[in-house]
Every structure is written in C-alpha cells, then in structure tokens.
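Each step along the sequence shown adds one to the number in the numbering used here, with nothing skipped, and position 99 is 110.
Heads up, the beta-carbon is just placed ideally off N, CA and C, and yes, glycines get one too.
A short worksheet on the structure shown next.
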Amino acid sequence: MATITKKELVDIIAEKTDVNQSTIKTIVQQFLDEISLELAKSNRLEFRDFGIFEVKERAARMAQNPKTMEPVEVPAKRTVKFKMGRGMREGMNSKSKKKR
C-alpha cells in the first residue's frame with residue numbers, strides 16, 4: 012500500500028488533463044479549503060458515487076490514564092465521519108483493480 016501526497020495527486024491530474032501543475036494545485040487546494048470550511052459550519056457534503064462527509068458530535072466522557080489509572084475527563088468534540096458511496100465501494104471491491 013502506497014501513500015499518495017497532494018503533490019503526487021496534482022502531478023497525476025496534470026498529466027491526465029494536460030493542464031499545468033500550478034493551475035491544478037490551486038484548484039485542488041481551493042477544493043480542500045472549501046470542504047474544510049463547509050465542515051467547520053457543520054454542513055454535510057455529499058458527492059454522488061464517491062461518498063458523504065458529515066460532522067458528528069462526540070459527547071464528553073470519563074477515561075483513564077493507562078499509565079497511572081487515574082480518571083481523566085475527555086471533553087466533547089466534533090469529528091468528521093466519511094461514508095463511502097456506491098461507486099467507490101464497487102471500485103474498491105472489484106476483482107480487477109484498475110491501474111492509473
């Protein structure tokens with residue numbers, strides 16, 4: 012399993028679309044910024060066949076420090092949940108993996 016960085020993703024898109032890398036980099040960064048902004052507003056983002064991003068609230072709870080076994084209060088926080096769409100699920104579970 013490989014890790015793909017944003018730069019590598021920009022390179023792949025630029026190669027496949029014949030658009031220069033600086034333009035692709037700007038578009039990809041703006042796309043990511045907009046997703047972050049919408050999630051910060053607690054909006055749900057739905058991309059058909061790709062998936063759904065939504066904000067979930069985690070309640071405050073008591074946990075314990077594994078080293079000292081003392082109770083520790085964990086504050087409430089917001090987190091992002093991703094549920095993959097049908098197209099992504101079918102692509103990930105297909106027998107023959109597509110190569111770039």
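If residue 74 and residue 86 are in contact, beta carbons under 8 Å, what's the gap, nearest whole angstrom?
-> By 1-based counting over the sequence shown, the position of residue 74 is 63. By 1-based counting over the sequence shown, the position of residue 86 is 75. Rounded, the Cβ-Cβ distance is 11 Å, inconsistent with contact.
Cβ of residue 63 within 9 Å of Cβ of residue 93?
-> Taking the sequence shown and counting its residues from 1, one reaches residue 63 at position 52. Taking the sequence shown and counting its residues from 1, one reaches residue 93 at position 82. A contact, by the Cβ cut-off of 9 Å.
The beta strand (DSSP E) with residue 65 in it runs from where to where?
-> Along the sequence shown, read from residue 1 onward, the residue named residue 65 stands at position 54. Start and end: 62-69.
Kindly indicate which three-state DSSP category residue 94 falls into: helix, strand or coil?
-> Position 83 of the sequence shown, counted from the start, is the residue given in the question as residue 94. Strand, per DSSP.
Look up residue 74 in the DSSP assignment and give the residues it is bridged to.
-> For the purposes of this step, residue 74 is identified with residue 63 of the sequence shown, where counting begins at 1. In the DSSP output, where bridge partners are listed per residue, residue 74 has 83.
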